[in-house]
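So the protein lines, in turn, are chains A and B.
So in the numbering used here, the last spot in the first sequence is 531, and the numbers never skip.
So in the numbering used here, the last spot in the second sequence is 1132, and the numbers never skip.
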Amino acid sequence: MPIDDSAEILQELISLVHDELKVLSYKWVARHYSISANTAKRVLFQLAEHQRDKVRTVYLVSGWTKQEPPSHVHRLVEAEQLQVLRESLGDITGMHVYSVAPNQATNPDSLWQVTYQQSQQLLKEIMSGQPSASAEVFRNNSCSAVRFTAPQQQARQPTAAAPAPHPAKGAGPGQRTAQPQQQPQQSERRAKQAETDTAVGNVTTVAPTVAAAAPASSPPKTEEASPHKASGPSPHKAAVGKAAAATLAKPNTLANMWGKASTKPKAAAAAAAPAVMAEASAEAAPTAVPVPAPIAGDEDEEDTPVHVVAGRGRGRKRRGAQIEESEDEGGEEPVVEAAMAAAPTEVEDLLRHRGKGRDSKGAKAKGTSKGDKEEKGKAAGTKRSKAAAAVPTASPAPVLEAVESNGGDDTNMDEAVMGALETAAAVAPQQQPALLKPAGAAGGGARGRKVTRTYINDQGEEVTEEVWEDGPVPLQPQQQPQQPAVPPATAAAKGKPAAKPPAAGNKTAKGKAPAAGQKSMTAFFNKK
Amino acid sequence: MLDIEGPQSSHRLTARYDELLAPVTSKDNDPNFYRASATYTNLDERFRAAKRTYERQYAQLYFSRLMLLKEIMQGRVQQLWPGIPVCSILEVQESMEVAVIGTIYKNMKLKPSILDEYSKDRGLKAALGASNFCSDNDSLVLEDEGARMVLSTPSALTAAGTSSSAGADEPLNVQELVTGAVVAVRGVHEAGGDFMVSAVCFPGMAPNPHPPPGTALVPQQISAVAADAAPGDKYIALASGLCLGGSKVDMLKIQLAFDFLTGNLGSPVEQQLSAQIVRLVIAGGCIGQLEALVGAGVGGSASGNVYNRQAQGAALQPVRDLDLLLAEVSAGMPVDLMPGAEDPANVALPQQPMHRCLLPASGMHGSFVRATNPHEFESDGVRFLGCSGQNIDDMAKYCSIRDRLDLMERLLTYRHMAPTAPDTLTCYPFHDKDPFILETTPHVYFVGNQPEFATRLVAGSSSSSLPAGQLVRLVAVPSFARTGTIVLVNLRTLACHPVLFDGSLGL
């Protein structure tokens, strides 16, 4: 520190002592001006000399006592007692000004309180993530004469990731990345939840877990990077697979939907839901595991582009159409309704994912494709019948399950569907696991309520944290054993209205989706 | 004094004490020191309990303790009393001299019992106070896995009950033994049913497979070596009992101590010493009074809501202070924090580390380690084992030994850190192991929160199984709030260097 600087500091300190009646300790000065402690001691000495009779000075004397055995002491002493103390000590190893106070009665506690308050203040700055220069001094102990480089925090990294991260962890940017970091964590947690909750887990939930795990693991690497980068990959990867599938599917959606809605609402509806599920399985396949992919692919290969689309489109259309359906066809087809209930939720989910994906990159893709789709859809109006015909083949698997789980008492099943059932029966096994995915995924996508959960971590510590839990999850475990297929769907449907609208920026989808979900929901309850 | 470092003579050459009593001259006349570093291995694993279930009975703990120490005891008996057959209590025959291995149970009339509070009148006990529960008519019972028998001493021997070198065979001294210790007794079973004990033997100190590195510490050399600190020596700082929750906490004193540790305080001589400290270990007692935390909440209840934010904030102030101090000090050096008797951690030994949510700011530093209560670590080849003091404090209540170092030595010869657990000291109901058994003797055994600083070097001898020439440094770390003392242990010589802080300004 240049000497002229110290003269300035000196002037300022003088005014602090006399005007603000502050008790200045060397540590306070050192931190306040970000100078070394030893320099601060000298500055205070200058101040004490300069103001001699106008201030009270406290010295610190270190040394060894005279008694046997000698003991190493550090004592504070007022200036007037200094000589006495020096004589009482046998061997003095150090002496310096500890603090300078205005020359009038002050609270004896003020000797430490000012420094203590400063420490508190600086700590608060650090914890809030905007450390000033003084806070940096506090954090690094850089005013000390002893240099110390803390060991790397590698051991802390994993534990730090688990709970709500400390805002000031790591270096400057770390604080900001903490926020995005939380997202992947949550998704991962949710994925895990889904995994445990849907006992089938292994096949279906791999998709979310894998998707979530990837981004979750990435933040540590990108921690230094900008928040955009950190947040980028998380929704991104999760969405890419779906977005890919979705874009494939989209072109015909609306058309199919409208067509079916008008011509053959019931069948369409019946078919629609399953189709979506089929699509879901098809979708799960690429994103998740190769296992279901080829098999589902076999069946769906020709259909997928169309039905998947159809399903998707219908899912969206149904928001409009379903109202009629559910009211018109009243109590006829609980299964279908259930399935349908699942469909929109799932479509929503997809849309949301897509939306997320869009946020990061594919925004225009969707915007344009939507427009195109509508055109194409109308053009494809002629394909209606074909689509309608095709749909059943895709649908049976879910329906089958639905029927089975309902004890097969549903006699209102469409013959066409029944027929298709047999043909597509082979698909069922693969689709069943995939079927569950919507629930999990929907759960994953839905922002549910905030839940406080407590568990014992690996280190035997009790950890309590607030987690965004998706709505349906609590419902699932009880229902699962008896009704492998339906519950996720129904549960998802039930959970939907309770769930808040998704946070992702898909406004168009959002607008429609909840409406449809709610309609089907009420219908569902009415019928039962 | 062998044990305590005196002033160094070399420092005068390097620095003047009043160097800092001068105006600022040039910008870079500050000497900078670099904190020494030492290897560090945390050996707390056996004290960590990942999953705790409190459904088991404590009997299993005694059983496994006996089983684990039995083999050692058999070896000891053969070594000390050759030709004496070892048998279990059920096999003891009348008028035949045998040795029996078992666990001591001490019948104490004054021992507090929860039932007494309901069945007897409490006047007497309240008057006696809670410092010690020994009385003249305490008696001993020995139990093994099969049965128990009453131990009695020939009256002549009781009178001559001088406690000779611990670990060797010695007469039965009822007053000095505590419940839970595993011992072997030699004697004759009498017709009345009592076992007349002629001698007792303890497991003795465990061997230490890792001799401390550096200079071979042979007792003769100690006098020459230990007193003098060499310039390159490294130190471990031991502190305990900051007592931030106490009614009159002396923040200034604590600030002085922590400023010294971080290298802010004092002249370059002090800072040089500080730079040689490689680690600070806080042996519990940071909050010191749990009532302080609870009390604020209770105070709030008078005004209405106990759980309002203000009351909670006030109640947690000591914890925040601790976090602040630790954040400060761990920015300057590695810190191990052990929980103590009245700290916000679980009460039962082994205490688990204080939860990280209590210490958010200090947790940011990679140099901060939250340790378990019995805490074991190795630094530069020197093995430290320490406790926050519950074991010694509890033992002091149930036996007649007053001196804290004697008690610590006793524990080492019992090969057990906390024999009175689970009888009078709460502990986790282990069933297949006993983590408090000392399989090896540490080089430094410290106990926190003691009334005053004390230290002793215990040398191995032929009578204990600690090989001759091996040394154990016992350190009773005083409560800082009471004494203002922290203890530096020299890693090379194992000598202690107490440092005293006094912020009272002579008031």
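The beta carbon of each residue, even a glycine, is placed where N, CA and C say it ideally should be.
Worksheet entry | Ranges of the alpha helix (DSSP H) found wholly within the stretch 657-723 of chain B, counting only runs of at least 4 | Runs of the alpha helix (DSSP H) lying entirely within the stretch 657-723 of chain B and spanning at least 4 residues, in chain order: 684-705.
Unbroken alpha helix (DSSP H) run spanning B/Val1114, endpoints: Counting along the chain, B/Val1114 falls outside any alpha helix (DSSP H), though it belongs to the beta strand (DSSP E) covering Thr1110 to Asn1115.
**Message:** I need the DSSP call for A/Val46, collapsed to helix, strand or coil.
**Reply:** In this structure, DSSP gives A/Val46 a helical state, which the three-state scheme calls helix.
Cutoff 7 Å; reference B/Lys1058; Cβ partners in own chain excluding five residues on either side
Closer than 7 Å at the Cβ level, and outside the excluded window around B/Lys1058, lie Ser689.
For A/Ser131, would you say it is in contact with chain B, using Cβ-to-Cβ distances shorter than 8 Å as the test?
For A/Ser131, the nearest beta carbon of chain B is not closer than 8 Å to its own beta carbon.
**Where B/Thr1118 falls, given that 16 or more other Cβ within 10 Å makes a residue buried** = Residue burial is scored here from C-beta neighbours: B/Thr1118 has at least 16 other C-beta atoms within 10 angstroms and is therefore classed as buried.
First and last residue of the beta strand (DSSP E) that includes A/Pro105? Per DSSP, the unbroken beta strand (DSSP E) holding A/Pro105 starts and ends at Leu92 to Pro105.
Just checking: is the beta-carbon of B/Pro893 within a distance shorter than 8 Å of some beta-carbon in chain A? Yes, because at least one Cβ of chain A sits closer than 8 Å to the Cβ of B/Pro893.
- prompt: Taking the alpha-carbon positions, what's the A/Arg89 to A/Thr118 distance?
  reply: For A/Arg89 and A/Thr118, the gap between their C-alpha atoms comes out near 26 Å.
If you compare alpha carbons, which of A/Leu92, A/Thr152, A/Val87 and A/Leu16 is closest to A/Ala51? Looking at A/Leu92, A/Thr152, A/Val87 and A/Leu16, the one whose alpha-carbon comes closest to that of A/Ala51 is A/Leu16.
Exercise. Looking at B/Phe883 and B/Glu953, is the spacing between their C-beta atoms short of 8 Å?
Worked result: For the 8 Å CB-CB criterion, B/Glu953 and B/Phe883 form a contact.
Original post:
Are the C-beta of B/Asp761 and some C-beta of chain A separated by less than 8 Å?
Top reply: False, the Cβ-Cβ gap to chain A never drops below 8 Å.
Within 8 Å of any Cβ in chain B, is that where the Cβ of A/Lys44 sits?
So yes, A/Lys44 belongs to the interface.
Exercise. From this set, B/Gly991, B/Val960, B/Ser987 and B/His1000, which residue's C-alpha is nearest B/Gln588's C-alpha?
Worked result: Chain B is shown only over 626 to 1132; residue 588 of chain B falls outside these bounds and no answer can be derived.
| query | According to DSSP, what are the bridge partners of B/Ala908? | reply | In the DSSP output, where bridge partners are listed per residue, B/Ala908 has B/Met963.
request  = Output, in chain order, the set of chain A residues within a Cβ distance shorter than 7 Å of B/Arg660.
outcome  = Neighbours of B/Arg660 across chain A, judged by C-beta separation under 7 Å: Val149, Arg150 and Phe151.
**Asked** Is the stretch 695-702 of chain B touching the stretch 754-766 of chain B, taking contact as three or more C-beta pairs under 8 Å?
**Response** The stretch 695-702 of chain B, when compared against the stretch 754-766 of chain B, does not touch it at the 8 Å Cβ threshold.
Tell me where the beta strand (DSSP E) around B/Asn1074 begins and ends.
Its beta strand (DSSP E) spans residues Val1069 to Gln1075.
Checklist entry - Checking contacts by CB at 8 Å: is A/Ser91 closer than that to chain B? => result Interface residue (Cβ-Cβ distance to chain B less than 8 Å): A/Ser91 is not classified as such.
Worksheet entry | When B/Leu949, B/Ser892 and B/Lys878 are compared against A/Asp112, the one with the closest alpha-carbon | Residue B/Lys878 is the option with its Cα nearest to A/Asp112.
Check your understanding: Do the CB positions of B/Ala996 and B/Asp961 come within less than 8 Å of each other?
Key -> Cβ distance < 8 Å, so B/Ala996 and B/Asp961 count as in contact.
**Study point:** Which of helix, strand or coil DSSP assigns to B/Pro1103
**Key:** B/Pro1103 falls in the strand class under three-state DSSP.
Taking only beta-carbon atoms, is A/Thr455 less than 8 Å away from chain B?
-> Not closer than 8 Å to any Cβ of chain B, the Cβ of A/Thr455 fails to qualify, so no.
What residues in the stretch 60-81 of chain A have a beta carbon less than 9 Å from any beta carbon of chain B? For the stretch 60-81 of chain A, which is checked against every Cβ of chain B, the residues closer than 9 Å are Val61, Tyr62, Leu63, Val64, Ser65, Gly66, Trp67, Thr68, Glu71, Pro72, Pro73, Ser74, His75, Val76, His77, Arg78, Leu79, Val80 and Glu81.
Do B/Val1112 and B/Val1069 have their beta-carbon atoms positioned less than 8 Å apart in this structure? Contact flag unset, no.
Enclosing beta strand (DSSP E) for A/His77 [first to last residue] = A/His77: member of the beta strand (DSSP E) spanning His75 to Glu81, first to last residue.
- Task: Could you spell out the range, first to last residue, of the alpha helix (DSSP H) harbouring B/Arg1029?
- Result: Per DSSP, the unbroken alpha helix (DSSP H) holding B/Arg1029 starts and ends at Arg1029 to Tyr1039.
Q) Cα-Cα, which of B/Pro1076, B/Ile1017, B/Ala1079 and B/Phe1071 is closest to B/Leu1050? A) The closest CA to that of B/Leu1050, considering only B/Pro1076, B/Ile1017, B/Ala1079 and B/Phe1071, is found on B/Ile1017.
Exercise for review: Drop a sphere of 10 angstroms on the beta-carbon of B/Ala806, count the other beta-carbons inside from all chains shown, and report buried for 16 or more, exposed for fewer.
Suggested key: B/Ala806 is buried by the Cβ-count criterion.
- Query: Checking contacts by CB at 8 Å: is A/Gln107 closer than that to chain B?
  - Reply: Taking Cβ atoms only, chain B never reaches closer than 8 Å to A/Gln107, which makes this a no.
Requested in this report: Could you name the residues of chain C that B/Leu645 contacts, counting a contact when the two beta carbons are closer than 8 Å?
Outcome: This model lacks chain C altogether, as its protein chains are A and B.
Minimum Cβ-Cβ distance from A/Ser122 to chain B less than 8 Å: Yes, A/Ser122 lies at the interface with chain B (some Cβ there is under 8 Å from its Cβ).
Residues of chain A with a CB under 8 Å from the CB of B/Ser872: which are they? The premise fails here: B/Ser872 is roughly 14 Å from chain A at the closest Cβ pair, so nothing lies under 8 Å.
Worksheet item: Near B/Gly909, what residues of its chain come up, given a Cβ to Cβ distance below 7 Å and the 5 sequence neighbours on each side ignored?
Response: Once the five neighbours on either side are set aside, the close Cβ partners of B/Gly909 are Ser865, Met963, Pro964, Gly965, Ala966, Asp968, Asn998, Ser1013, Gly1014, Gly1073 and Asn1074.
Does the beta carbon of A/Ser37 sit closer than 8 Å to a beta carbon anywhere in chain B? No, because no Cβ of chain B sits closer than 8 Å to the Cβ of A/Ser37.
So with Cβ pairs under 8 Å, would you call B/Val1124 a contact of chain A? Yes - at least one Cβ of chain A is within 8 Å of the one on B/Val1124.
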